[in-house]
Each structure stands twice: as C-alpha cells, then as structure tokens.
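Read through the structure below, which is laid out as structure tokens, and then see the notes.
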Amino acid sequence: MAKDLRGRQALPARPVRRAAVVAAALLLPLTGCQDGGAEGGDDGRATIVAPGRPGEKARNLTPEQAAKATPDDTPNAADRSYVRNMIEHHRQALTMSALAPERAAADPVKRLAERITAAQKPEIGAMEKWQARHPDPAGDGTHGADHSGHAAGTGGTGGTGGAGGSGHGDMPGMATEQQLKELTDARGAAFDRLFLQLMTAHHEGALKMAGEALAGGNNVAVEEMATEVVATQSAEIHRMRTMG
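Residue numbering for the sequence shown follows the working numbering, starting at 178 and increasing by one per position.
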C-alpha cells in the first residue's frame with residue numbers, strides 16, 4: 178500500500194463502500210439450476226451469484242435483484258470538486274515538467290519530468306472524459322475546462338503564467354506565480370534543486386486532495402483515479418527525496 182510522506186500508510190478508499198463495489202463486480206451470471214437450489218434457476222432464467230461477506234454464504238439473485246443490489250455511485254460534490262481541481266493541478270505539473278529538458282542539469286531530474294508528463298497527461302484526458310460523462314447539474318462542471326487554452330500548453334513562460342494565475346492558487350501544493358517565474362529563470366543545478374522542491378510540494382498537495390476525495394466522494398471511477406494518484410505520486414515523492 179502507498180505510504181504518505183512520513184512513512185505512514187496513505188488514506189485508503191472507504192472499506193465499506195469498496196467491499197460493496199467489489200462484491201457487485203464479482204457477481205457471476207449463471208444459467209440453469211445450480212447445486213443447492215438457486216433461486217429462479219428452475220425456470221431456466223439466468224441467476225446471479227452474489228458473494229457473501231466473510232463467514233456468510235453466497236446468495237442467488239435474479240437479474241432484477243442484482244440490479245437493485247448494485248451500489249449507487251452517483252457523483253457528489255466532493256467527486257466533482259476533485260476532478261475539476263485535479264485537472265488544473267496536473268496541468269501545472271505538466272508546465273513545470275516541460276521546463277526540465279532545456280534547463281535541468283541532472284539526467285535523473287529530466288527523466289523524472291518525463292515520467293510525470295507520461296503519467297499525468299493521460300490522467301487529465303481521463304478526468305476530462307469523466308466530466309463529459311457526468312456534467313455538473315449546477316452548471317459549473319466545465320469550470321476546469323475554462324482554462325484549457327492556456328493551461329494545457331506546457332512550454333515557455335506563457336503556460337507557466339497561465340497555470341499559476343488560473344484562480345486555483347489556494348489548492349494545496351500549487352506553486353505561486355513568483356515561484357514559477359523563478360523556476361523558469363533557473364538553469365542547471367539551481368533548476369534541479371528548485372524543481373525538486375516545488376514538485377515535491379506539488380505532489381504532497383495532490384495526495385491531500387486525493388485523500389479528501391477518497392474520504393468524501395461517492396463515485397467509483399473518481400475513487401480509482403484518486404487511488405492511482407496516491408500510489409504514483411507517493412512513489413515519486415520518495416524518489417525526489419532521495420534525489421534531493
């Protein structure tokens with residue numbers, strides 16, 4: 178399991194809801210009569226075997242019963258806030274990482290920046306697709322996309338300024354406009370030190386945001402995205418600390 182910055186286990190997804198989701202995902206469709214007398218099996222209709230909790234027997238359900246037993250993972254405010262804010266958070270990380278090829282002195286720093294880009298760019302795409310599938314009923318679900326024109330770009334000071342001035346400076350770990358300017362102006366070993374410092378803080382902020390989503394969200398897809406962020410960025414924080 179991923180650990181946080183102090184070596185403690187990172188916040189896991191809520192065990193009760195995850196257990197229900199896993200149980201629903203493991204529902205096995207069967208046809209015909211099952212050993213032990215499956216409900217609804219005598220008439221040839223498909224039956225569903227729902228694994229029981231530890232110490233309990235599995236239950237045989239009709240398709241209608243199985244549909245009702247599926248947990249409701251309708252996105253809530255915590256889910257929407259996480260996705261909206263994490264898109265902006267990731268975009269700033271891409272902007273910072275795009276500076277490394279021409280400014281970093283150490284190859285490990287350049288490779289780290291490449292890994293961050295390779296991981297977070299697809300994650301932005303996945304989160305934007307999630308937003309499209311789950312439009313905000315309040316009408317502000319496209320808030321994160323409002324900044325795509327300037328924040329998605331990852332090169333030069335224009336992209337840096339856009340990410341820093343996107344109105345999300347209060348998110349944990351986000352570098353300030355001044356810090357981003359200093360990183361853009363730095364070269365060599367000075368860039369390496371500042372990049373590792375800012376990106377470590379940036380990742381720490383992402384872990385905090387992911388923990389809040391895991392604690393307060395309701396959507397399984399968001400839970401999976403947040404869990405992936407915890408695993409990936411916890412490992413990268415450890416790597417950056419050994420490099421710094």
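Heads up, the beta-carbon is just placed ideally off N, CA and C, and yes, glycines get one too.
Keeping to the same chain, check which residues put their C-beta closer than 7 Å to that of residue i; ignore five residues upstream and five downstream.
i	result
residue 249	none
residue 264	301, 304, 305, 321
residue 375	273, 352, 356, 360
residue 313	257
residue 298	271
residue 329	With a pLDDT of 35 at residue 329, under the threshold of 50, the predicted position of this residue should be treated as unreliable, and no value is reported.
With respect to the beta strand (DSSP E) encompassing residue i, which residues constitute its N-terminal and C-terminal limits?
i	result
residue 236	236 to 238
Taking the alpha helix (DSSP H) that residue i belongs to, which residues open and close that run?
i	result
residue 365	365 to 393
residue 262	254 to 275
residue 401	397 to 420
residue 300	284 to 310
residue 361	354 to 362
By Cβ distance below 6 Å, which residues in the same chain neighbour residue i in space, the five residues on each side in sequence not counted?
i	result
residue 409	296
residue 334	Confidence at residue 334 is low in this model, with a pLDDT of 34, below 50, so its placement is unreliable and the value that follows should be read with caution. Cβ neighbours of residue 334 beyond the five flanking positions: 361.
residue 421	373
residue 369	281, 282, 283, 286
residue 242	none
residue 292	none
Going along the chain, which residues of its own chain have a beta-carbon closer than 8 Å to the beta-carbon of residue i, five neighbours each way excluded?
i	result
residue 381	182, 349, 350, 414
For the putative contact between residue i and residue j, defined by C-beta atoms under 8 Å, what is the C-beta separation to the nearest angstrom?
i	j	result
residue 371	residue 378	No, residue 371 and residue 378 are not in contact; Cβ-Cβ is about 11 Å, not under 8 Å.
residue 366	residue 282	5 Å
residue 259	residue 352	Contact doesn't hold; Cβ gap of about 20 Å is too wide.
When the distance is taken between beta carbons, is residue j closer than 8 Å to residue i?
i	j	result
residue 387	residue 406	yes
residue 418	residue 289	no
residue 271	residue 294	yes
residue 383	residue 266	yes
residue 287	residue 277	yes
residue 256	residue 390	yes
Compute the minimum distance between the beta carbon of residue i and the heavy atoms of the ligand PLP, and state whether it is under 7 Å.
i	result
residue 269	For the ligand PLP, the structure offers nothing, since it holds no ligand at all.
Are the region 395 to 408 and the region 252 to 264 touching by the rule of at least three beta carbon pairs closer than 8 Å?
In short, these stretches touch, since the Cβ pair count reaches three.
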